[in-house]
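The opening residue of the sequence shown carries number 5 in the working numbering; numbering runs sequentially from there. Please read the structure below before turning to the comments.
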Amino acid sequence: MDKNEVAPLIDESTPNRNLSRKRRQPPDTQKGSHRRRRKRRRRHRLLLRTRNYSNPGNSSGGRDRFLLKADGPGQVIFGADEVKKDWCRTIPFNQTVTSGRCRPKVVKNNLCYGQCNSFFIPQSERTSNKVAFQSCANCKPQRLRWVNVTLSCPGQTPPKVQTTILKVESCRCIAAERDELNQTIRYQRKKSKSNHAVQ
């Protein structure tokens, strides 16, 4: 090398590995399976926690009802993939309405049938008598209303009698208090009586 020549700042004989490195991408044929694997990993990362949860019963149906949100570190109970999916069906059936000596009348109604999840997680601290988390979900009416049914009573006075039945419109797995359904029925009954009084 001559003294008058200037040495190159970058040696071009050795390629820069960092510049030539390219990010590997899955082939076009595996894009769908790659997305499915990523979604599966996200589902497995959802874990139940026992501390700092906030109103788990107010969430929507399905498994999300049992995923407890935590602001800080918590005790891992088990993975969300181990929680079996609950189900609740609205099944139509024919209900026979009777009253005294009146002729029976068949009306269409619905019943609720299903299997819902229940949880009872004990508190880890001995000083506290409260439970860490408790949820008892039942397959019960999500929407219901009172319906008036008119029965024919030949030879009786009056010849027609009006009775009221409870009609179920839709069912769902709902985690709630033991007496919540009874309170709802009592509220609907009072509402129905007030409507009759106005009419």
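Backbone N, C-alpha and C define an ideal beta-carbon position, used for all residues, glycine too.
### Task
Would you mind stating whether Cys157 and Val165 have Cβ atoms separated by less than 8 Å?
Here residue 157 is taken as the residue at index 153 of the sequence shown, counted from 1. Here residue 165 is taken as the residue at index 161 of the sequence shown, counted from 1. Yes. Within cutoff.
### Task
Pull up the DSSP beta-bridge partners for Asn113, would you.
Taking the first residue of the sequence shown as position 1, residue 113 is located at position 109. Beta-bridge pairing links Asn113 to Phe97.
#### Entry: Among Val153, Leu170 and Ala179, nearest to Arg107 - alpha-carbon criterion
Here residue 107 refers to the residue found at position 103 when the sequence shown is read from its first residue. When each option's Cα is compared against that of Arg107, the closest is Val153.
### Task
Have a look at Ile169, Lys171 and Cys92 and flag the residue whose alpha-carbon is nearest the alpha-carbon of Ala141.
Reading the sequence shown from its first residue, position 137 is the one you call residue 141. The residue with the shortest Cα to Cα distance from Ala141 is Cys92.
### Query
What's the call for Ile178, buried or exposed, on a 16-neighbour Cβ count within 10 Å?
Walking along the sequence shown from the start, residue 178 turns up at place 174. Label assigned to Ile178: buried.
### Task
Would you mind working out which of Gln99, Cys116 and Leu115 sits nearest Lys109, comparing C-alpha positions?
The residue labelled residue 109 in the question sits at position 105 within the sequence shown. Checked all of Gln99, Cys116 and Leu115; the closest Cα to Lys109 is Gln99.
### Message
For Pro96, count the other beta carbons within 10 Å of its own beta carbon; 16 or more makes it buried, fewer makes it exposed. Which is it?
### Response
Here residue 96 is taken as the residue at index 92 of the sequence shown, counted from 1. Pro96 should be labelled exposed.
### Message
Could you tell me the alpha carbon to alpha carbon distance between Ser122 and Lys89, rounded to whole angstroms?
### Response
For the purposes of this step, residue 122 is taken as residue 118 along the sequence shown, with counting starting at 1. For the purposes of this step, residue 89 is taken as residue 85 along the sequence shown, with counting starting at 1. Spanning the two alpha carbons is a distance of roughly 11 Å.
### Task
Give every residue of the same chain whose Cβ lies closer than 6 Å to the Cβ of Thr102, excluding the five residues on either side of it in the sequence, and list them in chain order.
Indexing the sequence shown from 1 puts residue 102 at position 98. Here the set comprises Pro108.
#### Entry: Candidates Gln160, Gln146 and Leu155: closest to Asn114 by CA position
Here residue 114 refers to the residue found at position 110 when the sequence shown is read from its first residue. Minimum Cα distance to Asn114 is reached at Gln146.
### Query
What residues are listed by DSSP as bridge partners for Arg107?
Along the sequence shown, read from residue 1 onward, the residue named residue 107 stands at position 103. As far as DSSP is concerned, Arg107 takes part in no beta bridge.
### Contact set for Lys171: own chain, Cβ-Cβ below 7 Å, skip 5 residues either direction
Your numbering for residue 171 matches position 167 in the sequence shown. The residues are Asn113, Leu148, Arg149 and Val151.
### Task
Assuming Gly159 contacts Cys143 (C-beta within less than 8 Å), just tell me the rounded distance between them.
To locate residue 159, count along the sequence shown from 1; it is residue 155. To locate residue 143, count along the sequence shown from 1; it is residue 139. Between Cys143 and Gly159 the Cβ distance is about 43 Å, and since that is not below 8 Å, they are no contact.
### Proximal residues to Pro163 (C-beta, below 6 Å), its chain only, five neighbours per side dropped
For the purposes of this step, residue 163 is taken as the residue at position 159 of the sequence shown. Once the five neighbours on either side are set aside, the close Cβ partners of Pro163 are Cys157.
### Query
Can you name, in chain order, every residue of its own chain whose Cβ lies under 8 Å from the Cβ of Ile169, other than the five neighbours on each side?
Looking up residue 169 in the sequence shown gives position 165. Counting only Cβ-Cβ distances below 8 Å, and skipping sequence neighbours, we find Gln99, Val101, Val111, Asn113, Trp150, Val151 and Val153.
### Message
Restricting to Cα atoms, I'd like to know which of Glu173, Gly104 and Val87 is closest to Thr167.
### Response
The residue labelled residue 167 in the question sits at position 163 within the sequence shown. The option with the nearest alpha carbon to Thr167 is Gly104.
### Message
If you follow the beta strand (DSSP E) that Thr168 is in, where does it begin and where does it stop?
### Response
By one-based count along the sequence shown, residue 168 stands at place 164. Counting along the chain, the beta strand (DSSP E) containing Thr168 begins and ends at Lys164 to Ala179.
### Message
Could you compute how far the alpha carbon of Glu173 sits from the alpha carbon of Thr94?
### Response
Your numbering for residue 173 matches position 169 in the sequence shown. Your numbering for residue 94 matches position 90 in the sequence shown. So the alpha carbons of these two residues sit roughly 8 Å apart.
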